[in-house]
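A.B. asks: After the structure tokens below, expect a handful of questions from me.
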Amino acid sequence: MDALILLVEQLLEEHRAALPDQEAPRAELRRLREELDEGSPEPGVVRRALERLTLFAQPAAPLAAAVAELARMVQSF
């Protein structure tokens, strides 16, 4: 999962020109990473962060695909 989070981070940088808000997606990714690093992540926090990331990623197809894969991976836990 760490590799996928790093990929999303890289894609955020690569596609920042396509994103209307460049800081909010990074903040959500940080929030998600911190929550997942907790011993017992709060499902609501994780879900909201993924929902926001999904919305932010829509303008960039590769980023949207990576966020969707991240969401699938998180939901499988």
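According to my numbering, numbering within the sequence shown proceeds without interruption in unit steps and concludes at 81. By construction, the Cβ of each residue, glycine as well, lies at the ideal position given by its N, Cα and C atoms.
Using the three-state DSSP reduction, which class does PRO45 fall into: helix, strand or coil?
C.D. replies: Against the sequence shown, residue 45 aligns to sequence position 41. PRO45: coil per DSSP, three-state reduction.
A.B. asks: Should the segment 54-61 be called in touch with the segment 16-32, which here means at least 3 C-beta pairs below 8 Å?
C.D. replies: Touching, per the Cβ criterion.
A.B. asks: Tell me whether the beta-carbon of LEU8 lies closer than 7 Å to the beta-carbon of LEU74.
C.D. replies: For the purposes of this step, residue 8 is identified with residue 4 of the sequence shown, where counting begins at 1. For the purposes of this step, residue 74 is identified with residue 70 of the sequence shown, where counting begins at 1. The answer is yes: Cβ separation under 7 Å.
A.B. asks: Could you check the C-alpha separation between ALA21 and GLN79 for me, to the nearest Å?
C.D. replies: Counting from 1 along the sequence shown, the entry for residue 21 is found at position 17. Counting from 1 along the sequence shown, the entry for residue 79 is found at position 75. Each residue's Cα considered, the two are about 29 Å apart.
A.B. asks: Less than 7 Å between the C-beta atoms of ALA70 and LEU33, yes or no?
C.D. replies: Locating residue 70 in the sequence shown gives position 66, counting from the first residue. Locating residue 33 in the sequence shown gives position 29, counting from the first residue. In this structure, LEU33 does not lie closer than 7 Å to ALA70 by Cβ.
A.B. asks: Inspect the beta-carbon positions of PRO47 and GLU39 and report whether they are closer than 7 Å.
C.D. replies: Residue mapping note: residue 47 aligns to position 43 of the sequence shown, counting from 1. Residue mapping note: residue 39 aligns to position 35 of the sequence shown, counting from 1. Cβ atoms of PRO47 and GLU39: not closer than 7 Å.
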